[in-house]
Structures are given as C-alpha cells and as structure tokens.
C-alpha cells in the first residue's frame, strides 16, 4: 500500500545510515508532492479564516485614460454587505507601490491610466458582496475621458517613455583603435561596408503569466499597530517595505509570510504589492482581518505581464553569414508606469547577443508608455525578447544566402578563447555552446531530418514541415548588483530534526526541496530529517526577490553556510571527545564519524551538544562574488556565469488555414552538476512549453479604441494543453560542472530553458518558407497564431510580393 | 425543527448531508471552500476553463440511460465536472467526490501516487484537478480492465491546465497509474444512500425547480416563461460568476427523465435536451466517424460532462461548434409548448444574434438528426488558436452527396462568420449540379465570400475568417473529390 507520508524517506539501515541515495544530485520528489496531490497543501486562500474576516474587491477604471473627478462612495456603501469603501485619500502613507521609479499609485488619484486600474476598494462581509459592489465602478466613478495611446509605436513616435532610452554600442574595431567614442560610427561603417545588407522589422507579443493561483493577500492586524500579511509573492521583503510605506509604519511592524505560491513566473515579483497594500490598508483601517483574492478576469485587467516588443534591425554580413555589423532598436511596451521595465530592458540588451559574438553592434532600447497594464517580470525578464530578434535575423540571413540556418548560427558562435567578449564587455569564459549544439544535432539527427523535411515538402502540396535548431546562452545573476545576496537560518532541534528558513520563495520550482537537499548533505542526514518553512520576513530580513533564476544559487549557498557552521561546532565537540582534529569528523549516513571508524548517531551528538551548551542553530549569508555593473555605460560583469542549451523542433503546417502541430522536440540543456535532475527536467520542459505558448497560441488582444483587454481569462487567452506537447519529446541534461563555485557546481534553471521554444517559432518560419520560392522571407510575427501563419504563407506564396526581412 | 424548502441532500464524505441553499446560483466550489472548508479543490478561473476545481459527481447507475460516457462503477455513474460553474442545488440526490476523498483510507489513490512518482506537480495548484480527472479515468479503466494510451490521456486531461510542468510527467503518471496498487474511489455504500434519497421529495422552491418528468417541466415552463432554463450551466455559470446577472428563478432540466435519453427513432437519432455533450458527441461520432475530431476539440471533458448539446444549440452563440455540424447533417429541433410539439429545422431556428424562433413558454425538447441516407459525406472542421477547448475563429459543417461526379446535394454551414451560425446559400448553389472539380471549388469559394461578412474580434480578423473558410472548403474538396481524393494525413495536421 502507498501510505500518505512524505515519500522522500529512503529506508534506513541499522545505525541510521541511508541506504542508497545521497541528498544532493538525486531526483527527489518535490517536498510538497504528497500535499499537492491530496489537496492538503495550503495556499493563502486555504488558510483557516480568522473570525471576523472581511473581503475586499477592487473597483476598476472603465477607461484607458482620463481624469478622475470623484467616486460616489455613499452609493457603494449602500450596497448589500458593504462595510467600507477606501480610496486613495484613505492611504495614510505613500500611495505608491512602484518597485524602482515611484510612479505606481496603489489606488488612482487624478489620472486614470489604463482600463482596469484600481480606483477604490470595497470591503464587505463576503467576497461575493465585495465583488458585486466593486463591479459598480462605471456607475459610481465620475471621470472625464481623455484620448488614449495604446500602440507602442505611436507612443514611441510621440516621445513618451517611462525612463530615458538605453544605448549599448560596442565596436571591436573602435576599441582596438582606442577610440571607443567612435563606436557608433564604426558599427555603421561595418554594416555599410559588409558584402550583404538586410534590414527588417519584427513584432513580438507579450505574455500573461497565468499562474494558476491568482493574486491574493490576507492581512491580519497584530497588536501594537502591526500587521501580518499572508501574500502570494515572490518578494516578501518588498511587500513588507511597500506596505510599511503605504501605512506610514516601520518595517518591523509588518510581517509578510508566503508558504508557497500556485505559480509566479515573475508576475508576483513586484505586482503582488498592490494587493498586499490594499489588504493591509483595509485591515489597519478597520482593525479586522481582510482578504483580497482577485477574480481571474480582474487579475488579467489589473496586472501587467511580459513586455511585447517591436524591433527594427539592420545587419551587414558576409557570404558565410558572419554578422559583421548589426544595429537594432528595441521598443518594449512598458504600459502606464515603469514597474520593472528598466531592468527588463537592460536584460533584453544583454541578451541580444544570445550565443553569438557581435563585434560591431549598436542597440537602442526604448520603453514607450501606453495606457495599458504596466508590464513586469516574466520568466526570462527581457532576455527572451532580446535573444529572439537576433535568432530571427540570423534565420533571415541564412535564407538570403541560401544556407542552412544552423550553418549561419555556427559561423557566429562565441569563441572559447577569442571572439568571446560580450557587447557589455563581459568575457564569456565558460562557453560550451558549440559542443552542446553539436551533440544535439547528432542525437536529434538534425541533418538527416533536414533532408527528410525537404523530401516531404516536395511531395506534399497542402501540409509543409519545418525544422529548426536554436541555441540558448543566458546570463545568471541579477543585473542589479545588490540583489545578489541571500540569507538563511538553520535550526537543529534537540531531537536531531532540522528546520531551514531562507530568503527564497517556493512557487513550484522546487527551491525548498533543493535547499533541504543542500542542508541534509552538509549534515549527513536523510532528506526526511530536514524541513523548509514558509518564507517569512521576520526570520530572514532584507531578502531579494526569488527571481532571475537565482533562487537555489543564492539561498542554497546561504543555507549551506549556516549548516556548515553548525556542522563545524558539532565536529569540534566530537573531535574533542575522540581526540582528533575536527576536520577528520565527517557527517554522512546520519552519523558523525572518523576515518578510523569511530562514530556517533547525529541525534545523539546533537543531544550531547545541547547539554554542552553548543549553539545548534545558525544564520548563513551569501553574496555572489565578482560582479560589477555600470548602469550608465551598460558595461561590467553582470553575470556570474552563463547557462546554455539548445533545442530542435519539427512542425507540420497546414497552408490552407495556418493550423499547425509540433511533431517532435528534442531538448539538451546545461544545468551544470544538477542538484536534482527531476526538478531540473521539470523546469526545462515546463519552460519550453510555456515559451512555446508565448510564441504561438498565447495572443493578447486589446480593443483598438477602448483599450479593454479582450483576452482576459483562460476562456480567451490560450496557454498550451496536454495535447500541444508532442508525442516525441525528449529532454536531456548536458553533463558537466559549473566552472564557477556555485552550490555543488550546479547551474540555475528557471529561466534559460524558456528560450528553447525559439526552435518552435523558427521551425514554423521554416515551414512557411517552404511555401515560397527559395530565399523568400516569411514576414512571420509572434505569436504565430494560425492567422499570423496564414498571413505569412500568403505573403511568400508564388505571386505575392515578398517583403524584405522578418 | 422545520426545514426550509431550500435544503438539498446529497452524499458527501460517505454520508448524506442536508445543505441549506439560500441562493440557488451558489456554486459547488463556493460551498466546498467557504462552507465545508474543504479547500482541496481550487479556483483558478471560475469559468470552467482551467479544471483546478474538477470534482466527480455520481448518480445512480439506473438513472443514467445507456449509451453514456459516464464512468460506471459500484452501481453509480460518475462524471468529472467543474465545481466552479456547477450550481449547488443540482447536486440533490447525487454524490459529490473531491480530491479529499481520493486518499480517504489513508493511502494515496494510484493517480496520486503516480503523480508523486513521476514528478507531476510543481506549484501544485492545478494538481487536485488533475488528480480528479485522472481518478475518473482510472476508475473507468480499472473497471473495464483496459488502459489508456497517451493520446487518450491527453484528451482526457484537455480540460485541466497546468502552467508549470509542460504535461509530460503528468501524462506519464497517467500511463503508469494502472500499474499502481492502491485504493479505488471510495464508492462503497453510496448507491444505497442515493437509493434512499430517491424516496424523498425533490427540492422545489420559487427560485429553483427541478422537474422529474417532461409534463412537469412543460407545465413549469408554461407557468413561468420568464424563468431561466438551466441544463449544464457551462455558460449560465459565467453569467453569475463574471457578470453578476440576476437569475431570480431557475428551472433545471437535468433530472427530466425523458430528456436524458439518446434514441433511434425511425431513421432519426434523437438527443434529449438534458443529454450531456460527451454522450451526444459519442453518439454522433458512432454514426459519423468523421466528427471525431470535433468531438475531441469541443471543450474539455469536465465541460462536456456537464454541458448539453441542446444547451449549446439553444444558447445560439454564433461561434457555437455544434450548430454548423448539425445544420450540415440536416438536424431538426423538436420544440415543446405545454403538451404541443412542433419540429423546426435547425437552419431555420436562428433569427439574429442570440435570437431564435422559440415562442414564449416553449423550449427545445430534443434535437433529431437524420441517421444519414447512403451517399452523404459529412465533415466538420474547426479553427482556433489552440487545438483544445478554444472558441472557434471559424467552424464548418460540410455535407454533400455525389451522384457520380456531380454534386447532387450540399449543405455547408459555418460558425464565426456571421451574427448566427448559418448555411452558405451562395456556395451551396455554386456546388449543386456541378462536377466536383477545382473549377467548381473556386466558384464555391467565390460565392462563399459573398455569403458572409464576418467580424474582426479577439479571435480573428474578418480577412482571416474569409480566407480560412475558403481554405476549409478547399481542404474538403481535396478530401472528397471523385478522383484522387487525398487522405486525411496529407490534409490535416491533427490526422
């Protein structure tokens, strides 16, 4: 029988030694797997409600742009069940939840900036009563509509940007001549003098996170004017800060806790703040527990998502496709405020190179302001957008030259000892892109399948196949230096069980499992003896967001540091008894032991340590070494190391309708020395499918006049289902250790594999190209919906004028 | 203690519970999470699109006519449904099983254990819903001694969204679960409880009536023609959850015995108004195998087990996928008013956007579909951004009868192309009497462009709709032309 208990306890042999598997490097199940499948895992809405709990709902702006004249609060108060109505005027502190630029009101004041912007909060005895009253927004708001700017190109033309533009220009020839000030001219010259030149535009849509658990906060008044906030957030410390600022109280009066999220994907990094603030504001004002759980439609209407981008590019190249000169303008749709758009653009600029050496490159990043939701973090954080435009450019160059796109990619790989400086001046020292892609091309039989696709297409008038292999190189670390730190607390209790708390949050990625593995390894314990608890600002202070893929890199190291201190104290105690050096005491198999066979059970040693008044808990801290970044020049070493990967995708396309299907996908991804192969493969596959959704089925549509988001729920916004995953789907980990001293030489895995989905998009472009004459350039935008595909097919079919570029 | 009439009884956690229902539009999920504090079932979307709230509703096997796609076990018929859009009073006399029931013996259900073993959960929020869909599937196969293949599993799980895993480990768990030991669903004793419940009066209060037979229903509708007729609530649930539309009085069709059956009536397949989509499509596919893809793509299992085919027709959305197919098949609606009935061809039913020819006090009793005189070729196509559970940009029901190389008769109906689903009169005229050649195809495509003036909306532009509809006509020509008809594998990416 399968018993309901954590299934991560390997059988114990006599003496407590673990039979079989070490804690690190093994495919342990997610620490909450049993809780997940039984429905016993608590998310914020599942916590038992305190007596007297009230519920909040938000009244939203019905227009994309306008002047707010007033709110008929009295009418709302008369609605059934309503206890209070709060507006911006009720906020005692700062009415702002912007993470960087403080331009993000919690509740609107004078200007209505997008359709869906929260203007007031209704607090009622039930959630339904609150929602029904809040839905009266159009009736109770007085406003004067203003013209709205909804298009990113229109906003750019009008010169309205949320922050000043960023320019990253790098010219090897200008550097060599010692004249970096002429870099822009050198890049221009490189393009102009290249044997071939192409220019084009590329349009790339945004993406909704669609975490299955929507945004939620539950605020509980504490004594002395304090608050405890249960919040589904990737960034508890920032929630603590913004709540404290909004309520004009000290940070030490606010405790934010998050046991787990039902998905985050970046959407709960900064944008959980508004809901934490409103719940806290209401709880404080009414001295009652207040919960704010968004309906899915409101979640879509209020919160931002992955930035859609518009690109204009120009490239000069030679007969082999070497990219000799490259200029690209990136317009990232910021929405109504800055939010995290500036670092998103920085990361986009730092990933335009992807896996390629760009000797002469000029990049111009703009963040136009539109009257739409404020776009924010989403897995990859601009990196995927920056890298994709270059993949499209290389694909375009290959078609122009009549060469296989993979050959053109190979011609441009970063070198290992030369051709290895990035545009932002970091040297790539750990490059494995060539052997990795070669191995994948071999194992996935790229060359044979390329031929087979051609044969198929020659004999298939309606359906066409396409194939593509695309690489990933992704920089790991926050571009902002000071975020690259973490803390942890490890408690060893007198029974020998271990409790770990760290600065990271669990959103499904398995961070708590990995950190527990690290601690179990340090103390030589079976994994079942180590438990991670909820992220809690009262335990570890000043934490960074669990973001930028850095969760286990940072928190694993911090927890290791804490565990090592305890282990060292225990070793000292045992060594004193055994009259040996502490370094000779090893911890494994639930024991402390010496090479000559003396041993003691961990639990017994802990008992002795307690009685000897040895501190059995410790904090730990980690700061990623060697990073520096100059925000003005956009140069430095922003990344500790790079993660690599590649994917081959093969698609089948219906040229009559634009319908398509992914036939096969083969992924090969680098996670260094894996802490947990099962969790890592889960991240890789999940990211690939999520990336595929972004580039194909997931289309965001705003009404062109009203600015209403028309794709506002899973009924209208379509993420992949089980049927979108191909029957032939292989994922392998690329062997090898991280060359940097990361936690057990592993590599971060959250974001990089999202870029593997480029292969699906470029396989579709390949299939569309098969509908036209050799050398045709399908004008395929993303997402590649059937409509976008049919439009591209029609553009390249014989008789149609072939536009230049993508 | 006197009991309010607004009290229902159903089996829950192994016993019959009496639950007061102050508001008949309260959802099963609200009751579970807010009243019963059974928080295993999650709300992801509150519109039946994510499946995080999937539960199993069981009825007495005897109450569910054959044929049916319900899972039959232990004297019960089980269906996975979305709790978020299921109105609580419709549970009366039934049994409700949730994720908490799966491991009620203290051991994980095989579906749960397989999910753990295959790393099928990451954030875990969708997992209870997957576990329930998988448990229903497990019960079916354990009962039948069969096992699902990967494709069947993907179809079974198409109503459950996961944003984390990429599905591969979930599908592998589904393939492995039948090899897992472990408890089956805790169904023991439920049938007896439901038998006992059957003896009790069905709930009826002004806000909610659930007639048990056709005359009572007809009388109720005649008596209160303004009341809302409720079948599966897969659309009406959204009126409540998303639009806060007041529904002061509901008449529920789900328990009307005569409306729950599928029968052969002299060359006609009669599908009653309370027959779930899943059963109706299975019956249609058994007569017209070419409709199998439309069946797979018409919503996901939890919606197909709740919603009804007639409900889809009565709703009359211009993007409903059933109407084009049934118009092409020549379906006829049987309408009832009191004890009077009349038949109306489906292609005459719709008048304008969401307007139809139903008279006050009249309702659709059944849809009748001719069982296909020989010689007809029927096809259904659907185009949407996603294969599964997506509202069509364009859908088509296409039927023709060839006489030699000439087209003797043709019925082409399209959804998504106008304010109602309707037949393409011009294109049909261009086909009939002509040889089924490329020239005829082009003429029909040309005529099709004048048959419809589609809209641009979030699903597609008007241009795309026109082009795709013409493309579907062309695909159909390749598939059915008298010479060198092309096999489906060369025409359809999903074949």
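Protein chains in written order, with the working numbering: chain W, 5 to 810; chain A, 2 to 496.
By construction, the Cβ of each residue, glycine as well, lies at the ideal position given by its N, Cα and C atoms.
Chain-ordered chain W contacts of residue i [CB-CB under 9 Å]
i, result
"residue 42 of chain A", "43"
"residue 13 of chain A", "Under the 9 Å cutoff, chain W gives no residues; its nearest Cβ is about 15 Å from residue 13 of chain A."
"residue 302 of chain A", "Those do not exist, as residue 302 of chain A stays about 12 Å from chain W at its closest Cβ, beyond 9 Å."
Beta-carbon separation (whole angstroms), residue i vs residue j, contact threshold 8 Å
i, j, result
"residue 238 of chain A", "residue 322 of chain A", "No, residue 238 of chain A and residue 322 of chain A are not in contact; Cβ-Cβ is about 19 Å, not under 8 Å."
"residue 670 of chain W", "residue 448 of chain W", "4 Å"
"residue 309 of chain W", "residue 382 of chain W", "6 Å"
"residue 514 of chain A", "residue 686 of chain W", "Residue 514 of chain A cannot be examined here, being either before or after the span of chain A that is shown, 2 to 496."
"residue 627 of chain W", "residue 489 of chain W", "4 Å"
"residue 188 of chain W", "residue 173 of chain W", "5 Å"
"residue 758 of chain W", "residue 651 of chain W", "The Cβ separation is near 11 Å, so there is no contact."
Nonlocal neighbours in the same chain, by C-beta distance under 6 Å from residue i, ignoring five residues either side
i, result
"residue 498 of chain A", "Here chain A comprises residues numbered 2 to 496, so residue 498 of chain A is not present and cannot be evaluated."
"residue 428 of chain W", "354, 638 and 639"
"residue 419 of chain W", "none"
"residue 409 of chain A", "402"
"residue 13 of chain A", "97"
"residue 425 of chain W", "431"
"residue 219 of chain A", "337 and 339"
Proximal chain A residues relative to residue i, where beta-carbon distance stays under 9 Å
i, result
"residue 705 of chain W", "458, 459 and 460"
"residue 513 of chain W", "123, 124 and 165"
"residue 136 of chain W", "245"
Spatial neighbours of residue i in its chain, beta-carbon cut-off 7 Å, leaving aside the 5 residues before and after
i, result
"residue 773 of chain W", "403, 780, 782 and 800"
"residue 81 of chain A", "55, 57, 133, 134, 137, 302, 303 and 306"
"residue 484 of chain A", "none"
"residue 797 of chain W", "659, 662, 772 and 775"
"residue 326 of chain A", "292, 295, 381 and 398"
"residue 288 of chain W", "225, 231 and 251"
Neighbouring residues, chain A, relative to residue i (Cβ below 8 Å)
i, result
"residue 656 of chain W", "494"
"residue 718 of chain W", "45, 46, 48, 50, 51 and 162"
"residue 113 of chain W", "By Cβ distance, chain A contributes nothing, its closest Cβ being about 27 Å from residue 113 of chain W, past 8 Å."
"residue 36 of chain W", "122 and 125"
Under 7 Å from the C-beta of residue i: neighbouring residues of chain A
i, result
"residue 812 of chain W", "Since the first and last residues shown for chain W are 5 and 810, residue 812 of chain W lies out of range."
"residue 33 of chain W", "117 and 120"
"residue 141 of chain W", "Here the premise fails: no neighbours, minimum Cβ distance about 12 Å."
Chain-order list of residues whose beta-carbon lies under 8 Å from that of residue i (same chain, five-residue window excluded)
i, result
"residue 741 of chain W", "676, 677 and 749"
"residue 768 of chain W", "470, 655, 657, 664, 700, 784, 788 and 793"
Exercise. What are the residues of the region 779-798 of chain W that lie near chain A, defined by any Cβ-Cβ distance shorter than 7 Å?
Worked result: Within the region 779-798 of chain W, those residues whose Cβ lies closer than 7 Å to any Cβ of chain A are, in chain order, 789, 790, 791 and 794.
I want to know whether the region 672-682 of chain W touches the region 261-272 of chain W - three or more CB-CB distances under 8 Å. No: fewer than three Cβ pairs fall under 8 Å.
The region 193-208 of chain W contacting the region 326-342 of chain W, beta-carbon criterion three pairs below 8 Å
Yes, the region 193-208 of chain W is in contact with the region 326-342 of chain W.
ask   = Taking Cβ-Cβ distances below 7 Å as the criterion, which residues of the region 723-745 of chain W are in contact with chain A?
value = Listed by position along the chain: 723, 725, 726, 727, 728, 729, 731 and 733.
Discussion item. Any C-beta of chain A within less than 9 Å: which residues of the region 674-694 of chain W qualify?
Written reply: Flagged, chain order: 682, 683, 685, 686, 687, 688, 689, 690, 691, 692, 693 and 694.
Are the region 104-118 of chain A and the region 161-169 of chain A touching by the rule of at least three beta carbon pairs closer than 8 Å?
A contact between stretches requires three or more CB pairs, one per stretch, nearer than 8 Å, and the region 104-118 of chain A fails this requirement with the region 161-169 of chain A.
**Study point:** the region 46-66 of chain W in contact with the region 123-137 of chain W per 3-pair CB rule at 8 Å
**Key:** Segments in contact, yes.
- Can at least three beta-carbon pairs, one atom from the region 355-365 of chain W and one from the region 153-167 of chain W, be found at a separation below 8 Å? Not touching, per the Cβ criterion.
TODO: Could you run through the region 212-245 of chain W and flag, in chain order, every residue whose CB is less than 9 Å away from some CB of chain A?
DONE: Cβ contacts with chain A: 213, 214, 215, 216, 217 and 218.
Query - Residues of the region 183-217 of chain A with Cβ closer than 9 Å to any Cβ of chain W, in chain order - result: So the list reads 183 and 184, given in the order they occur along the chain.
Does the count of Cβ pairs from the region 408-422 of chain W and the region 365-381 of chain W closer than 8 Å reach three?
The region 408-422 of chain W, when compared against the region 365-381 of chain W, does not touch it at the 8 Å Cβ threshold.
Q) Any chance the region 234-242 of chain W sits against the region 75-90 of chain W, with 3 or more Cβ pairs inside 8 Å? A) Because the criterion of three Cβ pairs below 8 Å is not met, the region 234-242 of chain W and the region 75-90 of chain W do not touch.
Short-range partners of chain D found in the region 636-667 of chain W, where Cβ spacing is below 8 Å: No chain D is part of this structure, whose protein chains are labelled W and A.
Counting Cβ pairs closer than 8 Å, one from the region 731-740 of chain W and one from the region 536-555 of chain W, do we hit at least three?
Touching, no, given that fewer than three Cβ pairs across the two stretches are closer than 8 Å.
Given 8 Å as the limit, is there contact between the region 21-35 of chain A and the region 81-91 of chain A, that is, 3 or more CB pairs closer than that?
The count of Cβ pairs closer than 8 Å, one atom from the region 21-35 of chain A and one from the region 81-91 of chain A, reaches three, so the stretches are in contact.
If contact means a Cβ-Cβ distance below 8 Å, which residues of the region 46-57 of chain W contact chain A? Hits within the stretch, in order: 46, 47, 49, 50 and 52.
message: Using a Cβ-Cβ cutoff of 9 Å, what residues of the region 296-308 of chain W are near chain A? List them in chain order.
response: Residues passing the 9 Å Cβ filter: 297, 299, 300 and 301.
Open item on the list: Short of 9 Å Cβ to Cβ, which residues in the region 380-405 of chain A face chain W?
Closed with: Under the 9 Å Cβ criterion, the region 380-405 of chain A contributes 382, 384, 385, 386, 387, 388, 389, 390, 391, 392, 394 and 395.
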